[in-house]
Each structure stands twice: as structure tokens, then as C-alpha cells.
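*Asks:*
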Amino acid sequence: MSLPTLHDLHRPLGSTGLLVSPLGLGTVKLGRDQGVKYPNGFQIPDDDAARMLLKQARELGINLIDTAPAYGRSEERLGPLLRGQRQDWVIVSKVGEEFVDGQSTHDFSAAHTRMSVERSLQRLETDFIDLVLVHSDGNDLAILNDSEVYATLAALKAEGKIRGFGFSGKTVDGGLKALEQGDCAMVTYNLNEQNEKAVIDYAAAHGKAILVKKALASGHVCLSPGMDPVRASFELLFAQPGVASAIVGTINPLHLAHNVATVAQVLRGH
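So for the sequence shown, UniProt numbering puts the first residue at 1; every next one is plus one.
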């Protein structure tokens with residue numbers, strides 16, 4: 001019996017023209033093991049293990065990969081690891097947050113935004129990034145109203161360096177504002193936290209894209225005995241028509257296969 005895959009379940013990423021798998025691979029664990037909020041410690045996989053994970057993801061029908069400058073060495077490792085495969089992947093990266101020597105800093109200026117995207121293009125060894133999201137520090141409205149980050153991303157899109165842009169924020173007001181001019185919002189939505197649902201509903205009504213972070217509550221989700229928390233999480237998510245894809249940052253091949261099989265079952269209504 002062959003394993004379920006997501007190859008025939010790709011769906012539109014809002015109105016960007018991109019088609020994405022309903023599950024995306026988050027890559028914070030390929031580049032950073034400090035200051036991350038997971039219940040268990042982990043070792044950053046070496047190149048061979050990372051290459052195997054990416055190959056497995058691709059074979060299971062995942063075409064969406066999520067990275068960021070704030071994920072340590074993630075981008076610069078993905079460049080060589082994805083050589084010759086650019087056409088197989090929809091790449092999401094971020095701007096606004098830097099992570100150096102165990103510390104995060106934020107910069108939403110025009111100059112930093114442009115530098116960051118140019119650097120991501122070099123690290124990822126590509127001519128364009130499919131989607132760039134603003135990595136918010138939590139002051140969502142201030143970033144959108146008072147900084148040049150969105151205007152700069154719009155210019156980079158016009159130049160063809162990015163195909164779409166949006167916002168990974170922490171508030172409903174920020175998410176709604178971000179979708180007015182942007183293509184995508186990344187929201188937290190899981191069995192424990194559903195306060196950004198209004199952003200998902202707005203996206204569904206306006207043809208905008210939603211990516212979900214912390215879909216499995218970063219591994220913290222708990223349920224009553226006998227319930228599969230992964231299945232319950234994905235049933236909740238994919239009941240929302242606005243949701244394009246959930247980003248899951250596993251480096252465990254068994255977890256990845258289980259997540260894919262579960263999403264395939266949920267979306268096929270089994």
C-alpha cells in the first residue's frame with residue numbers, strides 16, 4: 001500500500017497565482033536551536049539528514065518551504081540543499097527580524113528591508129522569492145502604519161524580486177490591515193488559540209492568502225484521551241475556507257509522514 005501524499009491536493013495561495021501544498025515545511029530547526037519554544041530539545045540535522053528530509057517532503061507532495069533570516073543558518077543551508085530544484089518549491093522567507101548571537105533585533109526600515117531580501121536571494125541562490133512576510137515584533141499596526149517595510153516590499157514585487165508579500169503578525173488588527181494591501185497573512189490558529197479567526201474570515205472573503213503557524217501549538221497541544229491531537233488540529237484548520245496551508249516545522253521523518261497522511265485524510269473527508 002502506498003502512503004497518502006498531497007500531490008493532488010495543492011491549492012491556490014490566495015490570488016498570487018501560486019499553488020501550494022496544504023502542508024508547508026518550516027525550517028527553523030535547520031538553522032537555529034537557541035531561543036526556540038519547543039517542549040523538547042533537538043539537534044540541528046546535518047546536511048545529509050536535511051537533504052533526506054527535503055527529498056521526503058517533496059515525494060510526499062509538499063512544495064511549500066518556510067524560512068527566515070531569523071532562523072539562524074536556515075536560508076544559507078537551503079540554498080545549496082535545493083540546488084537544481086527551484087521549480088519544485090514555493091519559497092517563503094521573511095524580513096524585519098535578525099537573530100545574532102542568541103538575540104533577536106527588529107528593523108523595518110526601507111534600507112534594511114531591501115538589504116534583507118537581496119541577502120535572502122543570495123543565500124537561497126535564486127532570482128526571486130515567492131513570498132516575503134514581515135516578521136512582526138508584536139507592534140503590528142505601528143509597523144504597518146509607521147515604517148516603510150510594506151512600500152519597499154511592494155517595490156520589490158514590482159521589480160520581480162518577490163512574487164508576493166504579506167505579514168506574520170500577532171494581532172487581529174494587524175492581520176486585517178496587512179491584508180488590505182498585502183497578499184498574505186500568517187496567523188496563529190490551533191486548538192489552544194483561535195483569536196485570529198477574523199483575519200482568516202477576511203482573507204476568505206477577499207481572495208487573500210492565509211498561512212497558519214503553530215498549527216500544532218508548537219507540539220504543545222493536549223486533548224482528551226483517545227483523540228489524535230494532530231488530526232483534531234488539522235480538522236479545525238481546514239474547516240476554514242480561508243486557510244491555504246499550515247506550516248509545520250518537524251525534522252522527524254515519521255512525524256512528517258504522519259502529518260501528511262492525516263492532512264490527506266482530512267481533506268479527502270475520510
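For every residue, glycine included, the Cβ atom is placed at its ideal position computed from N, Cα and C.
According to DSSP, which residues form a beta bridge with Ile-12?
*Replies:* Here residue 12 is Pro; the residue named in the question, Ile, does not match the sequence. Partner(s): Leu-19.
*Asks:* For Leu-156, collect the residues of the same chain with a Cβ closer than 6 Å to its Cβ; drop the 5 residues on either side in sequence, then sort them by chain order.
*Replies:* Around Leu-156: Val-117 and Ile-162.
*Asks:* Looking at the secondary structure, which residues open and close the beta strand (DSSP E) in which Ile-247 lies?
*Replies:* Where Ile-247 is concerned, the enclosing beta strand (DSSP E) stretches over 243–248.
*Asks:* Counting contacts by CB-CB distance shorter than 8 Å, is Phe-165 in contact with chain B?
*Replies:* Note that chain B does not occur in the displayed structure, where there is just one protein chain.
*Asks:* Is there contact here, the region 222–231 with the region 194–209, by at least three beta-carbon pairs under 8 Å?
*Replies:* Counting Cβ pairs under 8 Å, fewer than three are found: no touch.
*Asks:* Skipping 5 residues on each side, what residues in its chain have a beta carbon closer than 6 Å to that of Ser-15?
*Replies:* So the qualifying residues of the chain are Gly-207.
*Asks:* Starting from Val-92, follow its DSSP beta bridges and name the residues at the other end.
*Replies:* Val-92 pairs with Asp-66 and Leu-131.
*Asks:* For the beta strand (DSSP E) that Met-186 lies in, which residues bound it at each end?
*Replies:* 184–188 is the extent of the beta strand (DSSP E) around Met-186.
*Asks:* Spell out the partners DSSP gives Phe-165 in its beta bridges.
*Replies:* BP columns for Phe-165 point to Val-132.
*Asks:* Take every Cβ of the region 103–111, pair it with every Cβ of the region 46–66, and state whether three or more of those distances are shorter than 8 Å.
*Replies:* Judged by Cβ distances under 8 Å, the region 103–111 makes no contact with the region 46–66, as fewer than three pairs qualify.
*Asks:* Distance check for Gly-41 and Pro-4, CA to CA, integer angstroms please.
*Replies:* Their backbone Cα atoms lie some 29 Å apart in a straight line.
*Asks:* Could you compute how far the alpha carbon of Gly-35 sits from the alpha carbon of Gln-43?
*Replies:* If you take the alpha carbons of Gly-35 and Gln-43, they lie about 13 Å apart.
*Asks:* What are the residues that DSSP puts in a beta bridge with Ile-210?
*Replies:* DSSP lists Ala-185 and Val-243 as partners of Ile-210.
*Asks:* Threshold first: 3 residues or longer. Then list the beta strand (DSSP E) segments lying entirely within the region 37–87, N to C.
*Replies:* DSSP runs (the beta strand (DSSP E)) wholly in the region 37–87: 64–66.
*Asks:* Short of 6 Å in beta carbon distance, which residues of its chain neighbour Ala-110, apart from the five on each side in sequence? Order them along the chain.
*Replies:* Taken in chain order, the residues that qualify are Glu-148 and Thr-152.
*Asks:* Across which residues does DSSP place Glu-148 in a beta bridge pair?
*Replies:* BP columns for Glu-148 are empty, so no partner.
*Asks:* I believe Ala-244 touches Ile-200 by the beta-carbon criterion, under 8 Å. Please report the beta-carbon distance rounded to the nearest angstrom.
*Replies:* About 10 Å separates the two Cβ atoms, so there is no contact after all.
*Asks:* Can you tell me the Cα-Cα spacing of Gly-61 and Ser-2, whole angstroms?
*Replies:* Using only the alpha carbons, I get a separation of about 13 Å.
*Asks:* Residues in the same chain with beta-carbon distance under 7 Å from Gly-160, minus the five sequence neighbours each way, listed in chain order, please.
*Replies:* Excluding sequence neighbours, Gly-160 sits near Phe-128.
*Asks:* State yes or no: is the C-beta of Leu-131 within less than 8 Å of the C-beta of Gly-174?
*Replies:* Against a cut-off of 8 Å, the Cβ pair of Gly-174 and Leu-131 comes out as no contact.
*Asks:* Would a C-beta distance cut-off of 8 Å place Asn-190 and Ala-217 closer than the cut-off?
*Replies:* In this structure, Ala-217 lies closer than 8 Å to Asn-190 by Cβ.
*Asks:* With the cut-off set at 8 Å, would you say Ser-74 and Val-28 are in Cβ contact?
*Replies:* It is a contact, given that the beta carbons lie within the stated cut-off.
*Asks:* Give the range of the alpha helix (DSSP H) segment to which Glu-235 is assigned.
*Replies:* 229–238 is the extent of the alpha helix (DSSP H) around Glu-235.
*Asks:* Are the beta-carbon atoms of Lys-261 and Leu-9 separated by less than 8 Å?
*Replies:* Checking the sequence, you will find Ala at residue 261 rather than Lys. No; because the gap between Cβ atoms is not below 8 Å, this pair is not in contact.
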